[in-house]
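Q: Note that the protein sequences, when read in sequence, are chains A, B, C and D. So for the first sequence, the numbering used here puts the first residue at 72; every next one is plus one. So for the second sequence, the numbering used here puts the first residue at 72; every next one is plus one. So for the third sequence, the numbering used here puts the first residue at 72; every next one is plus one. So for the fourth sequence, the numbering used here puts the first residue at 72; every next one is plus one. Positions of the beta carbon are idealized from the N, C-alpha and C atoms, including for glycine.
Number of protein chains: 4
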Amino acid sequence: MKRADGRGTAGELPDAGENPPLPSGKPSGKARGRPRSEAVERAILDAVTRLLEEGVSYDALSVEQIARTAGVGKAAVYRRWSGKDELFLYVVKEMEEPTYEGPGDGPLREVLIGALGWLRQIGLAKRRSTLLRVLAGHVHSRPELWKRYHETVISARRERLAFVLRRGIERGELRGDIDIDVLVDMLTAPILARILLRDWEELPEEMPRQIVDAFLDGLRPRE
Amino acid sequence: MKRADGRGTAGELPDAGENPPLPSGKPSGKARGRPRSEAVERAILDAVTRLLEEGVSYDALSVEQIARTAGVGKAAVYRRWSGKDELFLYVVKEMEEPTYEGPGDGPLREVLIGALGWLRQIGLAKRRSTLLRVLAGHVHSRPELWKRYHETVISARRERLAFVLRRGIERGELRGDIDIDVLVDMLTAPILARILLRDWEELPEEMPRQIVDAFLDGLRPRE
Amino acid sequence: MKRADGRGTAGELPDAGENPPLPSGKPSGKARGRPRSEAVERAILDAVTRLLEEGVSYDALSVEQIARTAGVGKAAVYRRWSGKDELFLYVVKEMEEPTYEGPGDGPLREVLIGALGWLRQIGLAKRRSTLLRVLAGHVHSRPELWKRYHETVISARRERLAFVLRRGIERGELRGDIDIDVLVDMLTAPILARILLRDWEELPEEMPRQIVDAFLDGLRPRE
Amino acid sequence: MKRADGRGTAGELPDAGENPPLPSGKPSGKARGRPRSEAVERAILDAVTRLLEEGVSYDALSVEQIARTAGVGKAAVYRRWSGKDELFLYVVKEMEEPTYEGPGDGPLREVLIGALGWLRQIGLAKRRSTLLRVLAGHVHSRPELWKRYHETVISARRERLAFVLRRGIERGELRGDIDIDVLVDMLTAPILARILLRDWEELPEEMPRQIVDAFLDGLRPRE
DNA sequence: TCGTAATCGAGACGGTACGTCGTGTCTTGAG
DNA sequence: CTCAAGACACGACGTACCGTCTCGATTACGA
Chain A
72 MKRADGRGTA GELPDAGENP PLPSGKPSGK ARGRPRSEAV ERAILDAVTR LLEEGVSYDA
132 LSVEQIARTA GVGKAAVYRR WSGKDELFLY VVKEMEEPTY EGPGDGPLRE VLIGALGWLR
192 QIGLAKRRST LLRVLAGHVH SRPELWKRYH ETVISARRER LAFVLRRGIE RGELRGDIDI
252 DVLVDMLTAP ILARILLRDW EELPEEMPRQ IVDAFLDGLR PRE
Chain B
72 MKRADGRGTA GELPDAGENP PLPSGKPSGK ARGRPRSEAV ERAILDAVTR LLEEGVSYDA
132 LSVEQIARTA GVGKAAVYRR WSGKDELFLY VVKEMEEPTY EGPGDGPLRE VLIGALGWLR
192 QIGLAKRRST LLRVLAGHVH SRPELWKRYH ETVISARRER LAFVLRRGIE RGELRGDIDI
252 DVLVDMLTAP ILARILLRDW EELPEEMPRQ IVDAFLDGLR PRE
Chain C
72 MKRADGRGTA GELPDAGENP PLPSGKPSGK ARGRPRSEAV ERAILDAVTR LLEEGVSYDA
132 LSVEQIARTA GVGKAAVYRR WSGKDELFLY VVKEMEEPTY EGPGDGPLRE VLIGALGWLR
192 QIGLAKRRST LLRVLAGHVH SRPELWKRYH ETVISARRER LAFVLRRGIE RGELRGDIDI
252 DVLVDMLTAP ILARILLRDW EELPEEMPRQ IVDAFLDGLR PRE
Chain D
72 MKRADGRGTA GELPDAGENP PLPSGKPSGK ARGRPRSEAV ERAILDAVTR LLEEGVSYDA
132 LSVEQIARTA GVGKAAVYRR WSGKDELFLY VVKEMEEPTY EGPGDGPLRE VLIGALGWLR
192 QIGLAKRRST LLRVLAGHVH SRPELWKRYH ETVISARRER LAFVLRRGIE RGELRGDIDI
252 DVLVDMLTAP ILARILLRDW EELPEEMPRQ IVDAFLDGLR PRE
């Protein structure tokens, strides 16, 4: 029973969040046995996005179905992710990563319009907005899912916007008496709400500009 | 508790004309055989709210569990509602109705702040914000659910706000070059987003005022 | 959670062998809820015998497959029997019950030949010999299965034979210096061995007579 | 341990001419690449016998478990045998070979008693009777397994007994009107049945003698 | 002294079955 | 006609083996 002696598995804390060695950048050391197939991984991830795009709701989504669609054994899924949530979160992250660079420098108004225009683009991209909607729909029913998405994706974007706003305040271009977090919400929430609560495509092109102008100059007519 | 007025619930369900006779005010004529027990109905509705308050997520909620909790048979539930969604929607409506009165007349700024303050109150009321969140979470996965909620609850509120804004434009207090629907979003979305995407209580008291002021006068400092 | 209070399941000893109320003669008292369908029961039992006759080995047999073949949900099987073994044993018993009456009275030789002839008939009956073989094949791997089969079916048959032999000894027709149990084996084992270890039909018609004659008079030629 | 004589294992496997080269006496010519480790082979065979002795039933036995116990890879097993059955049969043969010598010459009664006594010894030897039982339990579910065991082990033993009986008939010590095969069964089956269908140790020492005497002289008292 | 090639342990691969649970429908006897 | 109870077919859950395959590493042989 070879297994009984020097086990080797020292320190197996289950909360490490990566109990099954999540498929990230080639991680640890030796790698004994047959390595996991990237093709299988791709097939699984493709199956998830395909099913979601075909209108399958997150709740209706099942590991069984995903595996069937991917032409893969269920074990191949569970070997990589602990379940549907982990898998879904991975899909989301993988899709979000290679993205937003700006807003860089420039006049405040243009920078803000650029950031909101980019947010609008997400809403128009069916696949990405689907994922965002699913996540937002489970903010309270699966808080850890949203928490991790927020930490890795959302908060970075908000922070960039907050940075721009803070700089604007320093330069005297904005009033400084309102919480930055609230300012960010005032800018982004109108578009976000449309992404989450309306059908696709209800995001007029001029919306970013209108929001930013109202935000900066108000809606009271200047005489 | 069982709304006797002829509004709302009366004569709806247009697409399911022969569904189980939803529990509205004692329906039409005959009524043969044993009448439905109101106690059963109360027990079911109580069970739903109790479970939701206990933190059971909408997805985790099951008819089986509801019936068990209420101490009734599953059939007693399905006899009244077509399933979890219908039942849930019924609970929501029953809870929403006796509410919003304003904004009545008065100075534009105060009226808007009042409307947003009232929206904030919903977010602070645990039970009602829970329902809102659940519904918003299924906008796309169960569109008919959201559609009916929107028609009966949301759209009326938006319309009242839109009315106020339209009047403001007519009076020259607001610029008239932006779609009213967008204006409503700009006002309400920041608070709505906090309700949907954050933990309870992250709704500062001054938020309505800050939003309305920014909305009216902009955030660029006037010299 | 109704379930938590007065459980009612007093004295739930798991070894009673009928934990799930095995479908025997209409058992207990009230019978609340929808009664179990006899058609389902028949379908399950038919599926088992059919599969076995089609050559599916006992080990290859699975509840999943049985349910599929019977056109029935797995739960319908587990509701009645705790698993494959219980189900199989039930099939065996159901099939064995309505059978052997003899050996009655009469000359010792004829009675013995009759009993062995009847045993031979079992061997020739494909269905019944299949069950016997399967059971015998698991005497040691699933002792409880064999034990219960032996208690309810085999031992009664052996006892009848033993009774005849004992009477023969009392009447002076047989020597009384050998254990009755051994005598029973000497008579039945040759046929039994052929049933268990050979292909069908290798049971010559004259075998019972030859065995009984050798048993009574020996094989040494009488001068 | 690895039979070097040319009997039995040589040139068998007629139906699977290209199966993995069963480990017989160092086979034919070349042998390129790393040779198979005898240590691995020993470890596998040891694991099988150990597990069986520990009471693991044949069905519960799995290649996975065998490999784990032996501390080898599954492939190392499948490289040598096509599966559990082949492996098991190999273990059986390896164990059976160095055995039965008698019955040689001598008075018929003594020779028969000797043969049956030897059969009884097998039943008493835990390991060997286990194998016999397992094989007998799969006579019909895996006919090829039994066939090969019968051909290489059983039939030789039966043939030796048949030879003795035939000689007895020729010498006029036995009646010649019964099929020899049936005679062999009449003698051996009672003991065989006890081995297969009862617990260990239910094989009284006097059984062989009693059977042979009954067989020769019958049980009807001679006046 | 090298390549070559079959071996080694390890473990991933697509499958199938496990026994449990929730779905929405149905079917009892009692009220 | 309603009630509670619960059976019904269906399908997903996460785990365990199946027998096959694919890794890097090891180990002998023949060139």
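Taking just the CA atoms, how far does Y129/D sit from L123/D?
A: If I take the Cα positions, the gap works out to 7 Å.
Q: Considering only residues of the same chain and omitting the five flanking positions on each side of L216/D, which have a CB-CB separation below 7 Å?
A: Taken in chain order, the residues that qualify are D156, L160, L206 and H209.
Q: Kindly list, in the order they appear in chain A, the residues whose Cβ is closer than 8 Å to that of M278/B.
A: Near M278/B (Cβ distances below 8 Å), the residues of chain A are V253.
Q: Run through DSSP, which three-state label would V210/D get?
A: Correct three-state label for V210/D: coil.
Q: Start and end of the alpha helix (DSSP H) containing L122/B?
A: From DSSP, the alpha helix (DSSP H) with L122/B extends over E109 to E124.
Q: Can the beta-carbon of E273/B be found less than 8 Å from the beta-carbon of R280/B?
A: No.
Q: Would you say K97/D reaches chain C, if we count a Cβ-Cβ gap shorter than 8 Å as a contact?
A: The predicted position of K97/D is uncertain, since its pLDDT is 45 and thus under 50; no value can be drawn from it.
Q: Does any residue of chain A bring its CB to less than 8 Å from the CB of V281/B?
A: The sequence as given places Gln at residue 281/B; Val does not occur at that position. For Q281/B, the answer is yes, since a Cβ of chain A falls inside 8 Å of its Cβ.
Q: Considering only the alpha carbon of each residue, which of L268/A, L254/A, A131/A and K145/A lies closest to H211/B?
A: Of the candidates L268/A, L254/A, A131/A and K145/A, the one whose C-alpha sits nearest the C-alpha of H211/B is L268/A.
Q: Kindly say whether D156/D, judged by its beta-carbon, lies nearer than 8 Å to any beta-carbon of chain C.
A: It does not; no Cβ of chain C falls within 8 Å.
Q: Taking the straight line between their C-alpha atoms, what separation do you get for R198/C and R151/D?
A: About 37 Å.
Q: Quick check: the region 221 to 240 of chain C against the region 225 to 232 of chain D, are there 3 or more CB pairs under 8 Å?
A: No, the region 221 to 240 of chain C is not in contact with the region 225 to 232 of chain D.
Q: Between G243/A and chain B, is any beta-carbon pair separated by less than 8 Å?
A: Chain B, which has a Cβ nearer than 8 Å to the Cβ of G243/A, makes this yes.
Q: Between the alpha carbons of R113/C and Q192/C, how many angstroms are there, rounded?
A: If I take the Cα positions, the gap works out to 26 Å.
Q: Given that F295/C touches chain D, what residues does it touch there, using C-beta distances under 8 Å?
A: The question about residue 295/C has no answer here: the residues shown for chain C are numbered 72 through 294.
Q: Can you tell which of R180/B, G194/B, A110/B and M257/B has its C-alpha closest to the C-alpha of D284/A?
A: The shortest Cα separation from D284/A among R180/B, G194/B, A110/B and M257/B belongs to M257/B.
Q: Would you mind working out which of A141/D, R121/D, E276/D and Y220/D sits nearest E109/D, comparing C-alpha positions?
A: Of the candidates A141/D, R121/D, E276/D and Y220/D, the one whose C-alpha sits nearest the C-alpha of E109/D is A141/D.
Q: Is L308/B near R180/A, with beta carbons less than 8 Å apart?
A: Since the first and last residues shown for chain B are 72 and 294, residue 308/B lies out of range.
Q: Report the rounded CA-to-CA distance for E222/B versus I137/C, giving the unit in angstroms.
A: One C-alpha to the other measures close to 50 Å.
Q: Measure the C-alpha to C-alpha separation of P178/B and F286/B and round it to an integer number of angstroms.
A: Near 15 Å, if we compare the C-alpha coordinates of F286/B and P178/B.
Q: Just tell me which of M166/B, A146/B, G188/B and L158/B has its CA closest to the CA of I282/B.
A: It is G188/B.
Q: Whose C-beta lies closer than 8 Å to the C-beta of V119/A among residues of the same chain, with five residues either side of it excluded?
A: Once the five neighbours on either side are set aside, the close Cβ partners of V119/A are L132, I137, L158, F159 and V162.
Q: Taking beta-carbon pairs under 7 Å, can you tell me which members of the region 198 to 219 of chain A lie near chain B?
A: The region 198 to 219 of chain A vs chain B, Cβ under 7 Å: R204, A207, G208, H209, V210, H211 and S212.
Q: Going along chain D, which residues have a C-beta under 9 Å from S153/C?
A: Ordered by position in chain D, no residue passes the 9 Å Cβ test against S153/C, which lies about 18 Å from the chain.
Q: I need the straight-line Cα distance from G126/D to D270/D, nearest angstrom please.
A: Approximately 13 Å between the Cα atoms of the pair.
Q: Which whole runs of the beta strand (DSSP E) in the region 231 to 287 of chain A are 3 residues long or more, in chain order?
A: Runs found: none.
Q: Within 8 Å (strictly less), CB to CB, does Y161/D reach chain C?
A: Closer than 8 Å: no.
Q: Just to confirm the assignment, what range does the alpha helix (DSSP H) spanning W152/C have?
A: Neither: W152/C is in no alpha helix (DSSP H) and is coded neither H nor E.
Q: Does DSSP put G194/B in a helix, in a strand, or in coil?
A: Helix at G194/B.
Q: What first and last residue would you give for the alpha helix (DSSP H) that runs through V143/B?
A: V143/B -> no alpha helix (DSSP H), and no H or E assigned at all.
Q: Once DSSP output is grouped into helix, strand and coil, what is the label at D176/B?
A: Coil at D176/B, not helix or strand.
Q: Between the Cα of R107/A and those of R238/A, Y149/A, R121/A and S200/A, spot the shortest distance and give me the residue it belongs to.
A: Here the closest residue by C-alpha is Y149/A.
Q: Report yes or no: is there a C-beta of chain C within less than 8 Å of the C-beta of L263/D?
A: Yes, its Cβ sits closer than 8 Å to a Cβ of chain C.
Q: Helix or strand or just coil, what does DSSP make of L132/B?
A: L132/B falls in the coil class under three-state DSSP.
Q: Applying a beta-carbon distance threshold of less than 7 Å, which residues of chain C neighbour D256/D?
A: Those are P261, A264 and R265, listed as they occur along chain C.
Q: Can you check whether the CB of K164/C is closer than 8 Å to the CB of V224/C?
A: Yes, they are a contact pair.
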